[in-house]
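Following: one structure in structure tokens, then a few remarks.
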Amino acid sequence: MDHRFQVSLRGVIDLLSHHLYSSPGVYVRELLQNATDALRARRQLDPEASGSVGLELREKQDGGPTTLLFTDEGVGLTEEEIHRFLATIGESSKRELLEARRNDFIGQFGIGLLSCFMVCDELLVVTRSAKGDGRTLEWRGRHDGTYDVRVSEHPLDAPGTHVYLVARADMTEWFTPERVRQLARHYGGLLPFPVRLTVDGVTEHLNADGPPWRRLYETPGDRRQALLAYGREVFGTDFLDVIPLRSEAGDVDGVAFVLPASPHFNAKQKHRVYLKHMLLSESAENLVPEWAFFVKCVVNANGLRPTASRESFYEDTVLAQAREALGSSLRRYLMELARDEPRALQRLIALHGLSVKGLALDDDAFYRMIIDWLPFETSLGMMTLADYRRSWPVVRYTPTLDGFRQVARVAAAQGLCVLNAAYTHDTALLEKLPHVVPDAQVAPFSSADLPQSFEELTLDEREAVYPLLRLAEGVLAPFRCGVEAKKFFPAEVPTLYSADAEGAFRRDAERAREESDDLYAGVLDGVLAGTGGHERALLCLNLHNPVVRRLAAVENRELLKLSVEMLYVQALLLGQHPLNAQEMALLNHGLLGLIAARLDEGSGGGSGSSGSGSRGMH
Numbered sequence: 000m001d002h003r004f005q006v007s008l009r010g011v012i013d014l015l016s017h018h019l020y021s022s023p024g025v026y027v028r029e030l031l032q033n034a035t036d037a038l039r040a041r042r043q044l045d046p047e048a049s050g051s052v053g054l055e056l057r058e059k060q061d062g063g064p065t066t067l068l069f070t071d072e073g074v075g076l077t078e079e080e081i082h083r084f085l086a087t088i089g090e091s092s093k094r095e096l097l098e099a100r101r102n103d104f105i106g107q108f109g110i111g112l113l114s115c116f117m118v119c120d121e122l123l124v125v126t127r128s129a130k131g132d133g134r135t136l137e138w139r140g141r142h143d144g145t146y147d148v149r150v151s152e153h154p155l156d157a158p159g160t161h162v163y164l165v166a167r168a169d170m171t172e173w174f175t176p177e178r179v180r181q182l183a184r185h186y187g188g189l190l191p192f193p194v195r196l197t198v199d200g201v202t203e204h205l206n207a208d209g210p211p212w213r214r215l216y217e218t219p220g221d222r223r224q225a226l227l228a229y230g231r232e233v234f235g236t237d238f239l240d241v242i243p244l245r246s247e248a249g250d251v252d253g254v255a256f257v258l259p260a261s262p263h264f265n266a267k268q269k270h271r272v273y274l275k276h277m278l279l280s281e282s283a284e285n286l287v288p289e290w291a292f293f294v295k296c297v298v299n300a301n302g303l304r305p306t307a308s309r310e311s312f313y314e315d316t317v318l319a320q321a322r323e324a325l326g327s328s329l330r331r332y333l334m335e336l337a338r339d340e341p342r343a344l345q346r347l348i349a350l351h352g353l354s355v356k357g358l359a360l361d362d363d364a365f366y367r368m369i370i371d372w373l374p375f376e377t378s379l380g381m382m383t384l385a386d387y388r389r390s391w392p393v394v395r396y397t398p399t400l401d402g403f404r405q406v407a408r409v410a411a412a413q414g415l416c417v418l419n420a421a422y423t424h425d426t427a428l429l430e431k432l433p434h435v436v437p438d439a440q441v442a443p444f445s446s447a448d449l450p451q452s453f454e455e456l457t458l459d460e461r462e463a464v465y466p467l468l469r470l471a472e473g474v475l476a477p478f479r480c481g482v483e484a485k486k487f488f489p490a491e492v493p494t495l496y497s498a499d500a501e502g503a504f505r506r507d508a509e510r511a512r513e514e515s516d517d518l519y520a521g522v523l524d525g526v527l528a529g530t531g532g533h534e535r536a537l538l539c540l541n542l543h544n545p546v547v548r549r550l551a552a553v554e555n556r557e558l559l560k561l562s563v564e565m566l567y568v569q570a571l572l573l574g575q576h577p578l579n580a581q582e583m584a585l586l587n588h589g590l591l592g593l594i595a596a597r598l599d600e601g602s603g604g605g606s607g608s609s610g611s612g613s614r615g616m617h
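Next up, the structure:
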């Protein structure tokens with residue numbers, strides 16, 4: 000035996016009010032939608048028909064709750080349609096026409112009228128169908144799920160529908176003239192049918208102008224200023240510029256406003272979207288590509304599919320195509336700036352660099368046009384890539400901030416220009432350069448590359464420094480660190496610690512193993528075993544540095560050993576390398592040793608630090 004589901008209207012209304020709709024005020028939107036859909040349906044029967052939507056607030060003489068009357072001159076409903084569409088949840092009166100004429104109507108789900116039960120306990124619908132027998136019918140529905148239908152004793156003069164709502168005691172705030180006016184303008188301000196509000200016998204037209212981006216202006220400057228003023232009115236922000244938007248997919252048009260300040264790079268801008276000129280949402284996030292977070296948009300869509308709440312768009316192929324087309328509109332704007340107004344583009348990049356970089360990674364044509372305008376931090380200061388490439392044929396960069404800090408000062412002293420590509424998208428942008436720009440050369444750079452540019456020692460200098468290097472090799476062997484001596488600038492830097500990528504990885508893995516539990520340490524042991532263990536870092540002593548030159552003349556091996564250990568630790572710290580446990584112990588031991596040496600020297604019990612035999616190094 001088959002049974003039917005039992006639906007609790009109270010439960011459905013609770014679901015709508017708490018989980019589907021954003022606020023009780025959407026009842027105005029739903030009634031405006033039903034009215035405009037009825038007007039569109041009437042035009043299908045009679046293309047010459049014209050109509051409007053009326054809202055009237057009626058105060059009761061006895062001080063009772065306010066009544067709001069919605070009227071339209073649309074197609075109306077027959078008795079069969081009343082039973083089918085007003086009393087059946089999920090059935091839409093436009094269902095049969097949706098596939099053939101999807102763009103004609105806003106509603107699709109047949110639940111909009113229920114939103115009225117969020118603000119009132121009873122609905123009265125008086126309607127006369129343009130297709131029926133001329134009778135005027137009344138449908139009275141109640142929040143407990145009961146309703147009745149009868150022939151009205153007050154027939155309408157022409158086809159159309161009147162909806163009467165009496166405010167529930169706890170919802171009177173949604174029936175004040177100010178609130179109804181604000182809601183009607185908010186949701187229906189761009190509707191193509193006249194929307195009028197009558198209060199105390201005075202009628203006002205709420206939507207006289209239509210979409211501002213479709214109006215005619217005397218000059219492009221007038222248009223720009225008018226649209227910027229519109230953006231200020233909608234979003235409360237003084238925008239930098241305005242961009243026209245258009246997509247054949249979804250039949251979308253509107254404007255994008257360029258933000259005057261850079262948002263957080265993870266921020267998703269919320270856009271105002273209209274569906275067939277009815278406000279759908281003020282917080283749509285899936286309208287434009289992710290890289291376009293430097294704009295806020297206002298658009299109208301005639302061919303996109305709304306979700307059940309009609310507060311966002313359904314993610315489908317048409318929306319994806321529309322999003323791509325709107326992205327193309329923004330792309331054209333940026334390319335026109337690059338071609339015609341480069342200074343304006345530089346200002347835009349300064350504010351919205353991440354968006355511009357994201358688009359450049361996605362679009363080769365835009366990349367070619369924009370890449371030379373992008374600014375980068377370098378070891379010689381800020382400069383555009385064009386400035387860099389005019390002086391250095393090979394673009395050298397460090398992919399990490401620590402790597403840049405390790406090399407920047409010393410590289411600058413050698414006249415080397417190294418880019419800091421640690422910021423979002425920068426490494427990917429530079430690596431893309433040779434694939435898009437002919438003859439461009441790009442190479443990663445690290446501290447291991449610096450000694451190649453240093454000045455070699457003379458024969459006498461090599462001989463004089465040999466004992467120091469031999470001792471230092473033994474001291475640093477447990478740390479897998481070799482030693483060499485060269486001359487480089489700045490002279491106040493005594494040493495430079497460098498390691499290639501594999502050596503740096505091994506160092507980080509070893510430190511992580513020391514700080515991990517047994518399980519993770521075992522995993523890292525396996526990783527370290529796979530690296531082979533042959534990677535050696537390098538400590539380069541700077542013979543331009545006075546301390547290093549004096550150290551080369553010291554004959555006290557204990558003092559020499561202690562000094563090498565401290566120079567090694569200092570080089571690690573200057574290079575932003577975290578110390579492992581063994582190196583921390585070395586630091587503590589070295590500090591205590593230096594203190595003890597100074598105390599011994601002060602008491603006259605220690606040997607001189609300079610020793611004998613300077614080997615000509617002063």
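Just so it is clear: in the sequence shown, position 6 is 5 by numbering that gives the first Met the number 0, and no numbers are missing.
We put the CB at the ideal spot given by N, CA and C, even for glycine.
Own chain, CB closer than 7 Å to ALA427, minus 5 neighbours either side, in chain order = LEU360
Looking only at C-alpha atoms, which of PHE234, GLY63, LEU542 sits nearest to ASP459?
-> LEU542
Where GLY607 and PRO477 are concerned, what is the direct C-alpha to C-alpha distance, given to the nearest angstrom?
-> Because the pLDDT at GLY607 is just 44, under 50, the model does not fix this residue reliably, and the value given afterwards should be weighed accordingly. Looking at the two C-alpha atoms, the distance is approximately 29 Å.
What's the C-alpha gap between TYR332 and ALA439?
-> 27 Å
Looking at the C-beta of GLU323, does it have a partner C-beta in chain B at a distance below 8 Å?
-> The displayed structure is made up of one protein chain only, and chain B is not part of it.
Ignoring anything shorter than 4 residues or poking outside the stretch 526-596, list the alpha helix (DSSP H) runs there in chain order.
-> 545-550, 556-573
Run the CB neighbour count on GLY106, radius 10 Å, all protein chains shown included, and call it buried at 16 or more, exposed below.
-> Its pLDDT being 43, under 50, GLY106 is placed unreliably in this model, and the value from its coordinates should be taken loosely. With 16 or more other Cβ atoms within 10 Å, it is buried.
Thinking C-beta only, is ALA248 closer than 8 Å to ALA324?
-> yes
For TRP391, collect the residues of the same chain with a Cβ closer than 6 Å to its Cβ; drop the 5 residues on either side in sequence, then sort them by chain order.
-> CYS416
Would you call the CB atoms of LYS269 and ALA283 closer than 8 Å?
-> yes
Put ASN33 into one of helix, strand or coil per three-state DSSP.
-> Note: ASN33 maps to helix in three-state DSSP.
Look at PHE238 and VAL257 and say whether their C-beta atoms are less than 8 Å apart.
-> yes
By how many angstroms is the C-alpha of ARG408 removed from the C-alpha of ARG271?
-> 49 Å
Segment contact, 8 Å Cβ cut-off, at least three pairs: the stretch 167-175 with the stretch 118-135 = yes
Spatial neighbours of SER562 in its chain, beta-carbon cut-off 6 Å, leaving aside the 5 residues before and after = LEU550
Alpha carbon to alpha carbon, what distance is there between VAL27 and ARG330?
-> 38 Å
Could you say which of ASP71, ASP240, LYS130 lies nearest to GLY159 if we only look at CA atoms?
-> ASP71
Taking ASP143 as the reference, give the member of GLY473, ARG134, LEU122, ALA319 with the closest Cα.
-> LEU122
At which residues does the alpha helix (DSSP H) containing TYR387 begin and terminate?
-> First-last of the alpha helix (DSSP H) with TYR387: 384-390.
Taking DSSP as the reference, what is the three-state secondary structure of ALA427?
-> helix
The beta strand (DSSP E) enclosing THR619, as first and last residue numbers | Any answer about residue 619 is impossible in this case: the structure gives the chain only from 0 up to 617.
Should ARG389 be labelled buried (16 or more other beta-carbon atoms within 10 Å of its own) or exposed?
-> exposed
Pull up the distance between the alpha-carbon of ARG231 and that of ALA166, whole angstroms please.
-> 34 Å
Does the Cβ-Cβ distance between MET368 and PRO374 come in under 8 Å?
-> no
Using the beta-carbon count (16 or more within 10 Å), is GLN575 buried or exposed?
-> exposed
For MET277, does the count of other Cβ atoms within 10 angstroms reach 16, so buried, or fall short, so exposed?
-> buried
Answer yes or no: do LEU379 and VAL406 have a C-beta to C-beta separation smaller than 8 Å?
-> no
Under the rule that 16 or more other beta-carbon atoms within 10 Å means buried, what is VAL124, buried or exposed?
-> buried
Would you say LEU429 and LEU418 are within 8 Å of each other, going by their C-beta atoms?
-> A contact, by the Cβ cut-off of 8 Å.
Cβ shell of THR306 (< 6 Å), same chain only, five flanking positions each side left out | TYR313
Taking the C-alpha atoms as reference points, what is the distance between ARG245 and LEU303?
-> CA-CA distance, ARG245 to LEU303, rounds to 13 Å.
Would you tell me roughly how many angstroms separate the C-alpha atoms of ASP45 and GLY75, rounded to the nearest one?
-> 13 Å
Separation of LEU196 from LEU68, as counted between CA atoms | 10 Å
So which of HIS204, LEU136, LEU30, VAL297 has the shortest CA-CA distance to GLU80?
-> LEU136
Pairing CB atoms from the stretch 29-41 with CB atoms from the stretch 145-164, are three or more of them under 8 Å?
-> yes
For PHE403, name the three-state secondary structure that DSSP assigns.
-> helix
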